[in-house]
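A.B. asks:
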Amino acid sequence: MAARPHVYDWTLPQWEAWVQAQGQPAYRARQIWEGLYRHLWTRPEQFSPLPKALRAALAASFDFQRLTPEAEQASDDRETHKTVFRLPDGPVVETVRMRYVRRRTLCISTQSGCAMGCVFCATGQLGLLRNLSPGEIVEQVLYYARWLRARGERVTHIVVMGMGEPFHNYDAILKALDILNHPAGFRLGARRVTISTVGLVPRIRQFARERRQYNLAVSLHAADDDLRASLIPVARRWPLADLMDAVRFYIAQTHRRVTFEWALIHEVNDTPDQARALARWLRGMLAHVNLIPLNPTPGYAGRASPRARARAFCQVLEQAGVPCTVRLRRGIDIQAGCGQLAGRALAARPRFLVGSRLTAGEGA
Ligand code: SAH
Ligand code: SF4
């Protein structure tokens, strides 16, 4: 890792301490934040409200960019767009932008690779390369915020569902989100952010106690412990009963609805038995189930459930009073779907890509 701090790593009080150490009044910190998070400036010389000496200190003391975009891809329907970033020490990380009717949603990463080893997930198949710093998480958002601003649009939602397990890099993801949420910073509403966890029970309890307003999603994928552990090795540590206790505690603390995610794998976890068992766990809970037909990954032979089986699974839940949605798969043609992120675009085709056509330099 580079020795200099990254401009996006610091909270406002950290900046206040730094500007004061430079012999400047504390309000200069807010001017720096305004430059970073409202104007989306990327170079120290753009910080025109600051005295020259402070601009020079900024330039000398901080990294302004840690993520180098190396490949860009847009899905054939143009609604999903993915960037592969190279980190300064070598690993890659991917960020996805999705366009919905009114939403501009970013799917951001918290780690390069992942240590949890879920068998159906391309990121898990990589193993963990390293945690991202708070600034490296924030920089993914600002990269796309600039991209959208150039088109008269802005980031409306963030889902922390890219590479990595956010609660395995807990302090960094919360610091990054708090910077993005701060009224003097990027000002993205906390309720527009969703953190998805594989189900690290102590962290769910910790998150519940913090009473932050970010939404919580829990990746379930199975309604009994044996099946779950066969898909999600880390699940062996926390039986479903403990996980559900932690989620109930979260709901009691925050009064917020929890989303459960379930990748439907043909004849593995899409049976009526699994649907009934899931309904028993969730009956009466402030919850919603997102069913996502499995996306293909190179290291797992399971197949997506056909549409009819997905509908039938959903109906069992609905009849038991558990709200449920079958999600459309998106960005599959560019490996931008859930669980498909593995930095492979680089290995396969080392140039800038849009859909299947080469357009050198696009989007950089
Ligand atoms: N580590 C976190 C967030 C990143 S994964 C988590 O596991 O929740 C985002 C979502 O994609 C999770 O619900 C995950 O289970 C799901 N997912 C992983 N691989 C998938 C695949 N091949 N098809 C569909 N969803 C998948
Ligand atoms: Fe990690 Fe989530 Fe993939 Fe599991 S599904 S390996 S927790 S990124």
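Numbering (our numbering), first residue to last: 46 to 409.
Every residue gets a Cβ at the ideal spot worked out from N, C-alpha and C, and that includes glycine.
Please read these numbers as outputs of a predicted model, since none were measured by experiment.
Indicate the three-state DSSP secondary structure (helix, strand or coil) for Y345 in the structure shown.
C.D. replies: It is a strand residue.
A.B. asks: Report all residues from its chain with a CB closer than 7 Å to the CB of Q298; omit the five preceding and five following residues, and keep chain order.
C.D. replies: Once the five neighbours on either side are set aside, the close Cβ partners of Q298 are A253, R254, R256.
A.B. asks: Alpha carbon to alpha carbon, how far is P395 from M206?
C.D. replies: At P395 the pLDDT is 37, less than 50, meaning the model places this residue with poor confidence and gives no usable figure here.
A.B. asks: Could you say which of H227, L225, L265, A221 lies nearest to T242 if we only look at CA atoms?
C.D. replies: Measuring from the Cα of T242, the nearest candidate turns out to be L265.
A.B. asks: Using the C-alpha atoms, what's the distance from D270 back to E61?
C.D. replies: The straight-line gap from Cα to Cα measures roughly 49 Å.
A.B. asks: Residue range of the beta strand (DSSP E) that E428 falls in?
C.D. replies: An answer regarding residue 428 cannot be provided, because it is not within the stretch 46 to 409 covered by the chain.
A.B. asks: For L171 and V303, I'd like the C-alpha separation in whole angstroms.
C.D. replies: Going from the Cα of L171 to the Cα of V303 covers about 28 Å.
A.B. asks: Can you determine whether any heavy atom of ligand 1 sits closer than 7 Å to the C-beta of H84, and answer yes or no?
C.D. replies: Incorrect: H84 has no Cβ contact closer than 7 Å to ligand 1.
A.B. asks: How big is the Cα-Cα spacing for D54 and R88?
C.D. replies: Computed Cα separation, rounded: 16 Å.
A.B. asks: Taking 7 Å as the line, does the beta carbon of E124 fall inside it for any heavy atom of ligand 1?
C.D. replies: For ligand 1, not one heavy atom lies less than 7 Å from the Cβ of E124.
A.B. asks: Does the separation of the CB atoms of A167 and G347 fall below 8 Å?
C.D. replies: Result no, Cβ atoms of A167 and G347 do not sit closer than 8 Å.
A.B. asks: According to DSSP, simplified to helix, strand and coil, what is V292?
C.D. replies: Correct three-state label for V292: helix.
A.B. asks: Return the Cβ separation of I377 and N340 in integer angstroms, given the expectation that the two are a contact with Cβ distance under 8 Å.
C.D. replies: That pair is a contact at about 6 Å.
A.B. asks: Along the beta strand (DSSP E) that carries T125, what are the first and last residues, could you check?
C.D. replies: Looking at the DSSP string, the run of the beta strand (DSSP E) that includes T125 is 125-131.
A.B. asks: Check whether the Cβ of I337 lies closer than 7 Å to any heavy atom of ligand 1, and answer yes or no.
C.D. replies: Yes - ligand 1 has a heavy atom lying nearer than 7 Å to the Cβ of I337.
A.B. asks: Mind checking T128: buried by the 16 CB within 10 Å criterion, or exposed?
C.D. replies: Buried is the call here.
A.B. asks: Should E210 be counted as a contact of ligand 2 given a C-beta to heavy atom distance under 7 Å?
C.D. replies: True, at least one ligand heavy atom lies under 7 Å from that Cβ.
A.B. asks: At a threshold of 7 Å, does V361 count as lining ligand 2 (C-beta to nearest heavy atom)?
C.D. replies: Because no heavy atom of ligand 2 lies under 7 Å away, the Cβ of V361 does not count as near it: no.
A.B. asks: Indicate whether L81 and P136 have their beta-carbon atoms separated by less than 8 Å.
C.D. replies: Going by C-beta atoms, L81 is not nearer than 8 Å to P136.
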